[in-house]
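So the structure is just underneath, and the comments pick up after that.
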Amino acid sequence: MAKPKLNLLERLYLPEILRGLLITTRHHFANLTVHILHRVGLAKGKRGAVTFQYPEDPRPVARRLRARHRLMKRPDGSTRCVACMMCETICPAHCIYIVADEHPDPRIEKRPKSFDIDLGICVMCGYCVEACPEDAIRMDTYITETSSFTREGMLLTLDDLMNHHNEDNFPKHTSS
Amino acid sequence: MSEIAHALIVTGYILSVVLTLAALLTWMERKQSALMQDRIGANRASILGFRAIGLFHIIADSLKMFLKEDFVPARGVRLFHTLAPFISAFCALAIFACIPFGPSLPLGDTTVNLWIFDSDISLLYVLALGSLGIYGIFFAGWSSHNKFAYLGAMRGAAQMLSYEIALGISLIGLIMVYGSLSLNDIVHYQGRQLFGFLPAWGVFLQPLACLIFLTAGIAESKRNPFDMPEGESEIIGYFTEYSSMKFGLFFLADFIEVVVVAALVTVLFFGGWQVPYLQADGFQLPGGTHWELAPLAVGLIQVGAFCAKLFFFCWLQLTIRWTLPRFRYDQLMRLGWQFLLPLSIANILVTGIILVCR
Ligand code: SF4
Ligand code: SF4
């Protein structure tokens, strides 16, 4: 790459250093003023920083975001999953473990006895959602904070998948 | 008041100003850099829900430092490894002994001198202690038995030696003008006026020397545009093998050095505690206006002025640190030897010629 030619003033450093100092100082005091105005309740429309104060002030997430899984329910509250093992089969991370059981209703062949997803291994690819013939599994909880002190804590059970997500989560943080 | 009590009180005052400022700088460094880069900066440490704009991070950081394991590398030299941070911090702190933080304050029937000692060689003492600071760095690097620490120490020694020369020589022109090595005399000299209106501050008498001194001073304090010994992004530097409060002491010494440079620039080039047009009996504006003030009020204004100047130059150094990208090592050496050194020598010549022809 050709080096840009500097003229004499630029090669003297000092004027350029001063210019740089002026830029940073301007940012410093402009932001300081905005922050002070915020303290006294003024200039609400202006932002003094690009920072999002994350846990208190979550960033809007995209509608299509793939987050923690959930299992859908039938109108009677039982799971919609028919334990067809499609998701378990396609999962590239091999992190879905289903044990099938006979469904009491003779018109439905099977239901899951247990349905575990190990989020510690899951790569959030969304293939399980695509593969499901019953639209029984979705990744639209918008729960992105999954952490645990143990590996076992990362395992989602049938109960977690069906019941432990806050329905309020769904539309709130989203932007289309 | 006995001599000793007087000395202790003044020492206490100076130490509290310097250490408070140094601790505050650790916070300022984070907050100011954040503001300059449109971020928010450290604000999470809270006591009972109060965050105090991140000020509690100073406490949190020092608590963390105290509670960490004190680690000495197995093949390191324990004695020097332990000694090094003390030397660094000592050399930086001891410089403040002869810096006048204010004039003689008349308090009742005694006067309080806001400096610990004043002698004809103060300036040499400052330079000498400044150079001794190398030992802290070098012991740290050498006793760590770590290549990176050693590299950092070598760089530090080379850099400090090179810039020491430009630093010292840039001051000679100043000494020629002031005719004294006592920092107190230097500050008193700067109370005069040039052409009847311009305060006789070093920056007006020796603008080039001021620039060279500031540059070399920042290089001496080993901070960003000249942070070769540390080189966070490449070698981590001479304190690679330090943890716990030993590292904390190095860290603090770094900020104390910022205050040292700020104090020296203030005293040598920006009139120390002098306020323009403020004489011992009040303001005397060039137009002939006179505003009478009590001696104590004058003294307090001057003490405040010194603190304000000190703070301003700390701020300036932080701004420079967060604005300029760092030099490459050869650029650093070239700047020191081929640029600052000849410039400072030329400065002496020009000063000498002007003084003779005057
Ligand atoms: S998102 Fe991908 S990795 Fe995770 S469970 Fe579904 S198929 Fe497996
Ligand atoms: S693909 Fe759908 S129906 Fe089949 S096991 Fe998975 S969740 Fe259940």
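Residue numbers (this note's numbering), protein chains in the order written: chain E, 9 to 184; chain P, 12 to 369.
Even glycine gets a Cβ: it sits at the ideal position worked out from N, Cα and C.
Remember, it's a predicted structure, so these values are computed and weren't measured experimentally.
- Which residues mark the beginning and the end of the beta strand (DSSP E) in which V137 of chain P is found? Here residue 137 of chain P refers to the residue found at position 126 when the second sequence is read from its first residue. Not the beta strand (DSSP E): V137 of chain P falls in the alpha helix (DSSP H), residues 133–154.
- Beta carbon of G134 of chain E: closer than 6 Å to some heavy atom of ligand 1? Taking the first sequence and counting its residues from 1, the one referred to as residue 134 of chain E is at position 126. Correct: G134 of chain E has its Cβ closer than 6 Å to ligand 1.
- Starting from the C-beta of G141 of chain P, find all residues in its chain whose C-beta is less than 8 Å away, skip the five residues before and the five after it, and write them out in chain order. For this step, residue 141 of chain P is matched to residue 130 along the second sequence. Within the same chain, Cβ atoms closer than 8 Å to the Cβ of G141 of chain P are found at C102, I106, E175, L178, E231, V271, the five residues on either side in sequence being excluded.
- Item | Between the CA atoms of F82 of chain P and Q285 of chain P - distance to the nearest angstrom | Position 274 of the second sequence, counted from the first residue, corresponds to residue 285 of chain P. Position 71 of the second sequence, counted from the first residue, corresponds to residue 82 of chain P. Straight-line Cα distance between these residues: approximately 47 Å.
- Task: Taking all protein chains shown into account, decide if T251 of chain P is buried (16 or more other Cβ within 10 angstroms of its Cβ) or exposed.
- Result: For the purposes of this step, residue 251 of chain P is taken as residue 240 along the second sequence, with counting starting at 1. Counting Cβ neighbours within 10 Å, T251 of chain P comes out buried, since at least 16 surround it.
- chain E contact residues for W348 of chain P, given Cβ-Cβ distances below 9 Å: Looking up residue 348 of chain P in the second sequence gives position 337. The CB of W348 of chain P never comes closer than 9 Å to any CB in chain E; the least such distance is about 16 Å.
- Message: Please return the same chain residues whose Cβ sits closer than 6 Å to the Cβ of L134 of chain P, not counting the five positions on each side in sequence.
- Response: Within the second sequence, numbered from 1, the residue matching residue 134 of chain P stands at position 123. Answer for L134 of chain P: L192, listed in chain order.
- Query: E243 of chain P to P63 of chain E, Cα distance in whole Å?
  - Reply: Locating residue 243 of chain P in the second sequence gives position 232, where the first residue counts as 1. Locating residue 63 of chain E in the first sequence gives position 55, where the first residue counts as 1. A direct Cα-to-Cα measurement between E243 of chain P and P63 of chain E gives close to 30 Å.
- Enumerate in chain order the residues of its own chain whose CB-to-CB distance from M93 of chain E is below 8 Å, with the five nearest sequence positions on each side excluded. Within the first sequence, the letter at position 85 stands for residue 93 of chain E. These residues qualify, in order along the chain: I106, A108.
- Per DSSP, the bridge partner or partners of P117 of chain P: Residue numbering aside, residue 117 of chain P sits at position 106 when the second sequence is read from its first letter. Beta-bridge analysis with DSSP links P117 of chain P to P:T122.
- Beta carbon proximity, L73 of chain E to chain P, threshold 7 Å: Within the first sequence, residue 73 of chain E is the residue found at index 65, counting from 1. No, L73 of chain E does not count as interfacial toward chain P.
- Message: Taking the beta carbon of Q61 of chain E as the centre, do at least 16 other beta carbons fall within 10 Å, making it buried, or is it exposed?
- Response: Stepping through the first sequence from its first residue, residue 61 of chain E is reached at position 53. By the neighbour-count rule (16 or more Cβ atoms within 10 Å), Q61 of chain E is not buried but exposed.
- Message: Using the three-state DSSP reduction, which class does V137 of chain E fall into: helix, strand or coil?
- Response: Here residue 137 of chain E refers to the residue found at position 129 when the first sequence is read from its first residue. In the three-state scheme derived from DSSP, where H, G and I count as helix and E and B as strand, V137 of chain E is classed as helix.
- Task: With 7 Å as the limit, tell me which residues of the segment 12–34 of chain E have their beta carbon closer than that to any beta carbon of chain P; keep them in chain order.
- Result: I25, G28, L29, T32, T33
- Message: If you reduce the DSSP assignment to three classes, tell me which class E110 of chain E lands in.
- Response: Residue mapping note: residue 110 of chain E aligns to position 102 of the first sequence, counting from 1. The answer is strand: DSSP assigns E110 of chain E an E or B state.
- Confirm, please, whether the CB-CB distance from I125 of chain E to L79 of chain E is below 7 Å. Within the first sequence, numbered from 1, the residue matching residue 79 of chain E stands at position 71. Within the first sequence, numbered from 1, the residue matching residue 125 of chain E stands at position 117. Not in contact: L79 of chain E and I125 of chain E (Cβ atoms no closer than 7 Å).
- Message: Here's the rule: buried if 16 or more other CB atoms are within 10 angstroms of the residue's CB, otherwise exposed. What is C368 of chain P?
- Response: Locating residue 368 of chain P in the second sequence gives position 357, counting from the first residue. So C368 of chain P counts as exposed.
- Message: Does the structure place the segment 145–154 of chain P close enough to the segment 220–228 of chain P that three or more beta carbon pairs sit under 8 Å?
- Response: Touching, no.
- Query: Can you find a C-beta in chain P that's less than 7 Å from the C-beta of A139 of chain E?
  - Reply: One-based indexing of the first sequence puts residue 139 of chain E at position 131. Judged by the 7 Å Cβ criterion, A139 of chain E is not in contact with chain P.
- Item | Alpha carbon of H181 of chain E to alpha carbon of H173 of chain E, nearest angstrom | By one-based count along the first sequence, residue 181 of chain E stands at place 173. By one-based count along the first sequence, residue 173 of chain E stands at place 165. For H181 of chain E, the predicted structure reports a pLDDT of 44, less than 50, and the residue's modelled location is therefore unreliable. A value from the coordinates is still provided. Cα to Cα, the separation comes out at about 14 Å.
- CB contact check: A57 of chain E to chain P, cutoff 7 Å: Numbered from 1 along the first sequence, position 49 holds the residue referred to as residue 57 of chain E. Taking Cβ atoms only, chain P reaches closer than 7 Å to A57 of chain E, which makes this a yes.
- Item | Exposure label - S183 of chain E; buried when at least 16 CB within 10 Å | Here residue 183 of chain E is taken as the residue at index 175 of the first sequence, counted from 1. Reliability of the predicted coordinates at S183 of chain E is poor, the pLDDT of 44 falling under 50, and the value obtained from them is presented with this limitation in mind. By the 10 Å Cβ count, S183 of chain E comes out exposed.
- Could you list which residues in chain P have their beta carbon closer than 8 Å to that of H36 of chain E, in chain order? What you label residue 36 of chain E is simply residue 28 of the first sequence in a count that begins at 1. Simply Q43, L46, M47, T330.
- Message: Helix, strand or coil for G259 of chain P? Go by DSSP, reduced to three states.
- Response: Residue mapping note: residue 259 of chain P aligns to position 248 of the second sequence, counting from 1. In this structure, DSSP gives G259 of chain P a helical state, which the three-state scheme calls helix.
- For ligand 2, any of its heavy atoms closer than 6 Å to the Cβ of I145 of chain E? Indexing the first sequence from 1 puts residue 145 of chain E at position 137. Within the cutoff, so yes.
- Task: Check the Cβ-Cβ distances between L50 of chain E and every residue of chain P, and say whether any is below 7 Å.
- Result: Start at 1 with the first residue of the first sequence, and residue 50 of chain E comes out as number 42. Answer no: the Cβ-Cβ gap between L50 of chain E and chain P never drops below 7 Å.
- Message: Taking only three categories from DSSP, how would you classify A51 of chain E?
- Response: Translated into the one-based positions of the first sequence, residue 51 of chain E becomes position 43. A51 of chain E: coil per DSSP, three-state reduction.
- Hey, does L40 of chain E have any beta-carbon neighbour from chain P nearer than 7 Å? As a position in the first sequence, residue 40 of chain E is number 32, starting the count at 1. Interface residue, yes.
- Message: Taking 7 Å as the threshold (beta carbon to beta carbon), is T334 of chain P in contact with chain E?
- Response: As a working mapping, residue 334 of chain P is identified with position 323 in the second sequence. True, the Cβ-Cβ gap to chain E drops below 7 Å.
- Message: Check this for me: beta carbons of L128 of chain P and F317 of chain P, under 7 Å apart or not?
- Response: Locating residue 128 of chain P in the second sequence gives position 117, where the first residue counts as 1. Locating residue 317 of chain P in the second sequence gives position 306, where the first residue counts as 1. Sequence check: residue 128 of chain P is Phe here, not Leu. Taking 7 Å as the Cβ cut-off, F128 of chain P and F317 of chain P do not qualify as a contacting pair.
- Who pairs with E303 of chain P in a beta bridge, going by DSSP? For the purposes of this step, residue 303 of chain P is identified with residue 292 of the second sequence, where counting begins at 1. In the DSSP output, where bridge partners are listed per residue, E303 of chain P has P:G293.
- Message: With three or more C-beta pairs closer than 8 Å as the rule, is the segment 196–207 of chain P touching the segment 330–343 of chain P?
- Response: When C-beta atoms of the segment 330–343 of chain P are compared with those of the segment 196–207 of chain P, fewer than three pairs fall below 8 Å, so the two segments do not count as touching.
- Message: Determine whether the beta carbon atoms of C140 of chain E and C103 of chain E lie at a separation below 7 Å.
- Response: For this step, residue 140 of chain E is matched to residue 132 along the first sequence. For this step, residue 103 of chain E is matched to residue 95 along the first sequence. No. Outside cutoff.
- Going by the C-beta, is C92 of chain E closer than 6 Å to any heavy atom of ligand 2? Here residue 92 of chain E refers to the residue found at position 84 when the first sequence is read from its first residue. Indeed, a heavy atom of ligand 2 lies less than 6 Å from the Cβ.
- Message: I want to know whether the segment 350–366 of chain P touches the segment 40–57 of chain E - three or more CB-CB distances under 8 Å.
- Response: Output reads no: the segment 40–57 of chain E does not touch the segment 350–366 of chain P.
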